[in-house]
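K.L.:
Below: one structure in structure tokens.
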Amino acid sequence: MKKLLFIAFIVMAGSLELNAQQFKVITSVESIVPNGLGRSRIISANEDKDYKEFTSVQTEDDNSRNKSKRDEIRVKNFEETKLLNFYNIGGIRFQNIAANDALITSKINAMVAEGWELAFVTSAVESEGGKGDGQGIFITRYIFKK
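Be aware that the sequence shown starts at 125, since it is given in this note's numbering, and climbs by one per residue.
As structure tokens, then:
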């Protein structure tokens, strides 16, 4: 009976390992600053960080400030792929959007070839807010899993 339970435990442990998933986030940042003045990139971290090292728990008794240092949080080992800005001096540039689509597609295809599956995509925009704003990005996060 003990031998049977031990075998069942090993089988269960093996299936738990198979169900463990790994995730990776790739981010594209595309400038929507008028006159082509912004910067656009695909960013992919090449190092891992443990969020627990930079997390504090706030309670009623202890609401002290999180003392994490920015330089310890910062990732210095990452991949940066240049993209084109949505706008140039003449206005919106559709060729730039098509070029970015081609580069992003290439990155997704490379990730899939490495065994990653595209699980989620989420986007957000901070757009030009009117005269004199001069700020704006379109950001997309591609979340892959293995």
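We put the beta carbon where it would ideally sit given N, CA and C, even for glycine. All values derive from a computational prediction rather than experimental measurement.
From the DSSP output, which residues share a beta bridge with S152?
P.N.:
BP columns for S152 point to I166, T264.
K.L.:
Does the pairing of the region 156–169 with the region 205–213 give three or more beta-carbon distances under 8 angstroms?
P.N.:
These segments touch.
K.L.:
Do A243 and I267 have their beta-carbon atoms positioned less than 7 angstroms apart in this structure?
P.N.:
In this structure, A243 lies closer than 7 angstroms to I267 by Cβ.
K.L.:
Where K255 and G239 are concerned, what is the direct C-alpha to C-alpha distance, given to the nearest angstrom?
P.N.:
C-alpha separation (whole angstroms): 46 angstroms.
K.L.:
Name the DSSP bridge partner or partners of A248?
P.N.:
A248 is bridged to I263.
K.L.:
What are the start and end residues of the alpha helix (DSSP H) that includes F202?
P.N.:
Element bounds for F202: not the alpha helix (DSSP H) but the beta strand (DSSP E), 202–207.
K.L.:
By DSSP, does A222 sit in helix, in strand, or in coil?
P.N.:
Here A222 sits in helix by DSSP.
K.L.:
Just list the residues that DSSP pairs F147 with in beta bridges.
P.N.:
Paired residue(s): K269.
K.L.:
Okay, do the region 147–159 and the region 222–236 touch, 3+ Cβ pairs below 8 angstroms being the bar?
P.N.:
The answer is yes - the region 222–236 touches the region 147–159, with three or more Cβ pairs under 8 angstroms.
K.L.:
Between R217, D185, S188, E196, which lies nearest to D174 when the distance is taken from Cα to Cα?
P.N.:
Measuring from the Cα of D174, the nearest candidate turns out to be E196.
K.L.:
Give me, in chain order, the residues of the same chain whose beta-carbon lies closer than 7 angstroms to that of R163; leave out the 5 immediate sequence neighbours on both sides.
P.N.:
Taken in chain order, the residues that qualify are S155.
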